[in-house]
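Taking it in order: structure first as structure tokens, then the write-up.
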Amino acid sequence: MRNPQLNANGELTHLLSIEGLPREVITQILDTASSFLKVSHRDVKKVPLLRGKSVFNVFFENSTRTRTTFEIAAKRLSADVINLDVTRSSTAKGETLLDTVDNLVAMHADMFVVRHAASGAPHLIADHLRRLGREDVHVVNAGDGRHAHPTQGLLDMYTIRHYKTEFANLVVAIVGDILHSRVARSDIHALTTLGAAEVRAVGPQTLLPTAIEKMGVRVCHDLCSAIRDCDVVIMLRLQNERMNGALLPSAREYFRCYGLTPAVLALARPDAIVMHPGPMNRGVEIDSDVADGPQAVILPQVTFGIAVRMAVMGILAGN
Amino acid sequence: MNAQKTPHGVALPDAEALCVQLADLIRPHLQPETVVVGIHSGGAWVAQRLYTLLGLDAEIGLIDVSFHRDDYRARGLHPRVKPSSIPFDVEGRRLILVDDVLYTGRTTRAAINELFDYGRPARIQLAVLADRGSRQLPICADFCPWRVDLDPSSELVLSLDDSGRLQWSLDEHA
Chain F
408 MRNPQLNANG ELTHLLSIEG LPREVITQIL DTASSFLKVS HRDVKKVPLL RGKSVFNVFF
468 ENSTRTRTTF EIAAKRLSAD VINLDVTRSS TAKGETLLDT VDNLVAMHAD MFVVRHAASG
528 APHLIADHLR RLGREDVHVV NAGDGRHAHP TQGLLDMYTI RHYKTEFANL VVAIVGDILH
588 SRVARSDIHA LTTLGAAEVR AVGPQTLLPT AIEKMGVRVC HDLCSAIRDC DVVIMLRLQN
648 ERMNGALLPS AREYFRCYGL TPAVLALARP DAIVMHPGPM NRGVEIDSDV ADGPQAVILP
708 QVTFGIAVRM AVMGILAGN
Chain L
343 MNAQKTPHGV ALPDAEALCV QLADLIRPHL QPETVVVGIH SGGAWVAQRL YTLLGLDAEI
403 GLIDVSFHRD DYRARGLHPR VKPSSIPFDV EGRRLILVDD VLYTGRTTRA AINELFDYGR
463 PARIQLAVLA DRGSRQLPIC ADFCPWRVDL DPSSELVLSL DDSGRLQWSL DEHA
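If you read the protein sequences in the order shown, they are chains F and L.
Numbering-wise (my numbering), the first sequence opens with residue 408 and increments by one.
Numbering-wise (my numbering), the second sequence opens with residue 343 and increments by one.
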């Protein structure tokens, strides 16, 4: 079966997941992003690549930050951007996902940036477009259920490469609610594809997926052993809604066991970096002294995210 | 000397000697604040030579025109885009844009557009090592040591040989 993200020439036509992306494609996106990063420093922060193209941000699940960074990225590529809050309009009125897509295609959409609570929704849309013979319309997954958040994974890789240059000798610890995290899955696929030496996963037993070892990670059950001598710490957001599901005793208890404090971070390598996809819960998964400290690269992640999303859209729209 | 010849039997000239000639053409017009900007990748090599030959003070600029190309829709984004680097304020500067080969003029157009994204230069002049004619836009070189007519099926390519010297070659496309 053909990789659903690649066209007949093996070029990236949709970005649905990092899983299954060849290493060269990931590297090409990161290299292209470094050129786009400089565009944001110019007097005129725009390039004309997507002039005349319409990018539809179709968010079936709320996310201000991700939607905004996609919007900025598309605008810096000179695209026209249309933001749809579909949860409050069409879907609420009973329209199916694919009917919404058909309507937007009839409005001459060139690209969909899709976030959906159901894993696989962006893939369903890409498949639908292929059956319609509309391979000129591209889909970017902006987060689907627990499945994937590939642009977050790519911007995390960009950030790591920016500070650490190489992946080969890196030890990376991913901390927190891995069970519900599409970011963690995307990061794990990207890190193993790029050849990181060791990827560790740590979190409460109730928040670790079963058989996660099969993804090529080493499971740790206490924070200190996960952090010890690592080069990169990726903290995940503890989603408050999980508190109600009897998966965790309390936020305070969670912070005591899995919160990243300066004392715990001191176990990592002295030049280790701390990442977080945002929004942060200070005092729940991360201590303010760490979040605001010299090893945190959380705000650079946001800046790099725009360049990475420009690269993804610039590459897709040309293929 | 390069063994390859143009269709008219003219041997390809020595590219390093052409750089010296190009510098000689530019020198009488140099102003203290002039900076050179090379277009990746051939133009960047030539700009580097001019920087040394002309003894310029200001660092050279480098631009990759991939984000401004007009064939993006047909060919997509170049897989190896290099970052543009303009380490000086473009506003009010006199710039000499440098490329290896002037052909359709489309790369020059893209480069000028890109430069204007950094500011409004006082003047842009164009210096090329070779002008092979067949323009598709109203663009001409201010400084050019070698003009040659070539068949559209041949591509004039500047490259670095093993010892780091610039050399010309002709690639024939069917």
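Glycine residues also receive a C-beta, built at the ideal position from the N, C-alpha and C atoms.
Every value quoted in this text rests on a predicted model; they were computed, and no experiment measured them.
What does a CB cutoff of less than 8 Å around H587/F pick up in its chain, not counting 5 residues either side in sequence? Excluding residues within five positions, the ones whose Cβ falls inside 8 Å are R553, L614, Q646, R649.
Proximal chain L residues relative to I722/F, where beta-carbon distance stays under 9 Å: G418, L419, P421
So M717/F is in the alpha helix (DSSP H); what residue range does that whole segment cover? 705-725
Contact check, T494/F vs E468/F, beta carbons under 9 Å: yes
At a CB-CB cut-off below 8 Å, which residues of chain L make contact with V451/F? F458, D459, Y460
Any C-beta of chain L sitting closer than 9 Å to the C-beta of S447/F? no
Can you give me the Cβ contacts of P684/F inside the same chain, cut-off strictly under 6 Å, excluding the 5 residues immediately before and after it? Q559, V590
Under 7 Å by beta carbon: chain L residues contacting S461/F: None at all; the shortest Cβ gap to chain L is about 15 Å.
Candidates A679/F, A698/F, H569/F, A415/F: closest to A633/F by CA position: Closest option to A633/F, Cα to Cα, is A679/F.
Compute the Euclidean distance between the alpha carbons of M343/L and Q509/L, then round it to the nearest angstrom. In this prediction, M343/L scores a pLDDT of 45, lower than 50, which makes its location untrustworthy; the coordinate-derived value is nonetheless stated afterwards. Each residue's Cα considered, the two are about 9 Å apart.
Can you list, in chain order, the residues of its chain whose CB lies under 7 Å from that of A453/L, leaving out five sequence neighbours each side? I381, I405, V407, L439
Whole-angstrom distance between R449/F and T710/F, CA atom to CA atom: So the alpha carbons of these two residues sit roughly 14 Å apart.
Short of 7 Å in beta carbon distance, which residues of its chain neighbour A575/F, apart from the five on each side in sequence? Order them along the chain. The residues are G602, A604.
Which residue from Q467/L, F485/L, R462/L, V362/L puts its Cα closest to that of T394/L? Of Q467/L, F485/L, R462/L, V362/L, the residue nearest in Cα terms is V362/L.
The segment 352-383 of chain L: which residues have C-beta closer than 9 Å to a C-beta of chain F, in chain order? Of all residues in the segment 352-383 of chain L, none has a Cβ within less than 9 Å of some Cβ in chain F.
Starting from the C-beta of V697/F, find all residues in its chain whose C-beta is less than 7 Å away, skip the five residues before and the five after it, and write them out in chain order. L667, T668, P669, L672, V681, A703
Exposed or buried, which one is S426/L when buried takes at least 16 other CB atoms within 10 Å? buried
Please give the ranges of any beta strand (DSSP E) in the segment 392-461 of chain L, keeping only runs that are unbroken, at least 3 residues long and fully inside the region. 403-405, 436-444
Measuring only between beta-carbons, confirm whether L456/F sits less than 9 Å from chain C. No chain C is present in this structure, whose protein chains are F and L.
Beta bridge counterpart(s) of D487/F as assigned by DSSP: Checking the DSSP bridge columns, you'll see D487/F partnered with S461/F.
Does the beta carbon of E388/F sit closer than 9 Å to a beta carbon anywhere in chain L? Given a span of 408 to 726 for chain F in the structure shown, any question on residue 388/F remains unanswerable.
Taking buried to mean at least 16 other C-beta atoms within 10 Å of its own C-beta, is E692/F buried or exposed? buried
For S505/L, decide whether its Cβ has a neighbour in chain F, counting only Cβ atoms nearer than 9 Å. no
Residue-level contact to chain F via CB, R415/L, 9 Å cutoff: yes
Residue environment, K500/F, which counts as buried when at least 16 other CB atoms sit within 10 Å: exposed
Would you please verify whether the beta carbon of N726/F is less than 9 Å from any beta carbon of chain L? yes
What residues of chain F sit near F409/L, judged by a beta carbon separation below 9 Å? S442, F443, V446, V454, P455, L456, L484, G721
Under 9 Å, Cβ to Cβ, is there at least one residue of chain F near P429/L? No, no contact with chain F.
From Q478/L, E433/L, W488/L, F409/L, pick the residue whose C-alpha is nearest to that of E375/L; which is it? E433/L
Report the three-state DSSP secondary structure of Q467/L (helix, strand or coil). strand
Given a cut-off of 9 Å on the beta-carbon distance, is the pair D551/F and V521/F in contact? yes
Please give me, in chain order, every unbroken run of the beta strand (DSSP E) with length at least 3 that falls completely inside the segment 596-650 of chain F. 605-609, 625-627, 639-642
Environment of K460/F [buried if 16+ CB atoms lie within 10 Å]: buried
What do you reckon, are the CB atoms on R517/L and A472/L nearer than 9 Å? Since the first and last residues shown for chain L are 343 and 516, residue 517/L lies out of range.
Minimum C-alpha distance to R409/F - residue among I585/F, D534/F, N726/F: When only C-alpha atoms are compared, the closest one is D534/F.
For R644/F, which of S526/F, V512/F, V582/F, Y570/F has the nearest alpha-carbon? V582/F
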